[in-house]
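In the working numbering, the protein residues as written are 16 to 251. What follows is a single structure, written as structure tokens, with notes after it.
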Ligand code: SAM
């Protein structure tokens with residue numbers, strides 16, 4: 016998969032050199048480009064924002080640098096109304112977007128090219144979204160019902176969630192199957208050695224060697240935890 020990120024803070028993404036995603040980049044499973052939006056400005060101050068039409072507090076990101084940057088990372092976009100179903104998916108993190116979920120992560124993990132546009136200030140001029148929505152698939156995605164200073168942290172979270180679903184990134188694919196949100200439930204609690212720690216024992220069923228009983232216990236724990244913490248996930 017190819018991932019391009021446009022941001023005014025490229026350094027935020029240095030951490031993508033680390034851990035499983037760093038290995039995925041080294042092995043070529045993920046090809047990453049991080050682009051500084053200010054490289055697409057033409058004034059001495061490398062300006063990317065201006066005051067909002069209609070007044071109000073804060074600044075809005077200007078369309079011209081965004082247009083130049085996004086044209087550069089998506090050079091093959093065709094004309095208006097001709098979005099290619101296999102072309103790039105352009106994602107703008109936004110608190111006004113659809114809520115990011117494991118299902119969206121799975122959808123995005125099947126794509127060939129993701130482009131992320133990190134907003135700052137009061138966000139990006141709406142015409143940037145409208146222009147590209149007529150030419151490729153565009154999604155506004157929110158990390159949750161709160162407001163961050165910029166899109167970078169949201170994009171990091173999305174790339175981590177999507178990246179680990181790309182075949183080959185996580186060594187043992189079975190470890191992806193039983194996780195929270197994969198089957199609509201939160202995961203059951205996990206334990207490792209020693210079997211007694213301080214005054215706490217591992218639940219005896221996990222030491223029984225009875226795989227049927229262990230599976231039933233885990234399912235029950237997952238149901239109880241989900242009902243307690245996230246009842247909204249259970250069918251009504
Ligand atoms: N004025 C915008 C609004 O009320 O919808 C919020 C702008 S916010 C201060 C600046 C940038 O942070 C946004 O353009 C977006 O890229 C990012 N951002 C903030 N909260 C986010 C969230 N919950 N999910 C994803 N991105 C977020």
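Glycine residues also receive a C-beta, built at the ideal position from the N, C-alpha and C atoms. Remember, it's a predicted structure, so these values are computed and weren't measured experimentally.
Close beta carbons around residue i, own chain, < 8 Å, minus the five adjacent residues each side
i	result
residue 85	21, 105, 130, 132, 143, 147
residue 37	31
residue 242	249
residue 180	120, 121, 124, 191
residue 228	220
residue 134	76, 107, 108, 109, 165, 166
residue 50	19, 20, 21, 22, 25, 84, 87, 88
residue 161	110
DSSP-derived helix/strand/coil call for residue i
i	result
residue 57	coil
residue 226	helix
residue 31	helix
residue 178	helix
residue 23	coil
residue 65	strand
residue 258	In this structure the chain extends from 16 to 251, so residue 258 is not present and cannot be described.
residue 189	helix
residue 113	strand
residue 101	coil
residue 147	helix
residue 86	helix
residue 36	helix
residue 248	helix
residue 184	coil
residue 168	helix
residue 237	helix
residue 221	helix
residue 52	helix
residue 200	coil
Residue from the options whose Cα sits closest to the Cα of residue i
i	options	result
residue 107	192, 212, 174, 193	174
residue 52	62, 163, 43	62
residue 232	92, 165, 59, 203	203
residue 183	157, 29, 39	39
residue 178	26, 23, 45	45
residue 118	185, 98, 176	176
residue 67	88, 137, 153, 34	137
residue 185	34, 28, 27, 19	34
residue 55	96, 211, 23	23
residue 60	141, 72, 80, 17	80
residue 115	71, 100, 171, 102	171
residue 145	43, 98, 208	98
residue 102	205, 206, 42, 153	153
residue 128	163, 92, 141	92
residue 100	82, 151, 72	151
One or two residues paired with residue i in a DSSP bridge
i	result
residue 47	18
residue 93	Partner(s): none; residue 93 has no beta bridge.
residue 216	211
residue 13	Lying outside 16 to 251, the shown extent of the chain, residue 13 is not represented and no answer is given.
residue 139	76
Cβ separation of residue i and residue j, assumed to be a contact under 8 Å, to the nearest whole Å
i	j	result
residue 244	residue 201	6 Å
residue 156	residue 112	5 Å
6 Å Cβ shell around residue i - same chain, five flanking residues per side excluded
i	result
residue 126	104
residue 240	201
Close Cβ partners of residue i (< 7 Å) along its chain, the five nearest in sequence each way excluded
i	result
residue 65	74, 75, 77
residue 96	149
residue 222	210
residue 194	202
residue 206	217, 221
Beta carbon proximity, residue i to chain C, threshold 8 Å
i	result
residue 75	Note that chain C does not occur in the displayed structure, where there is just one protein chain.
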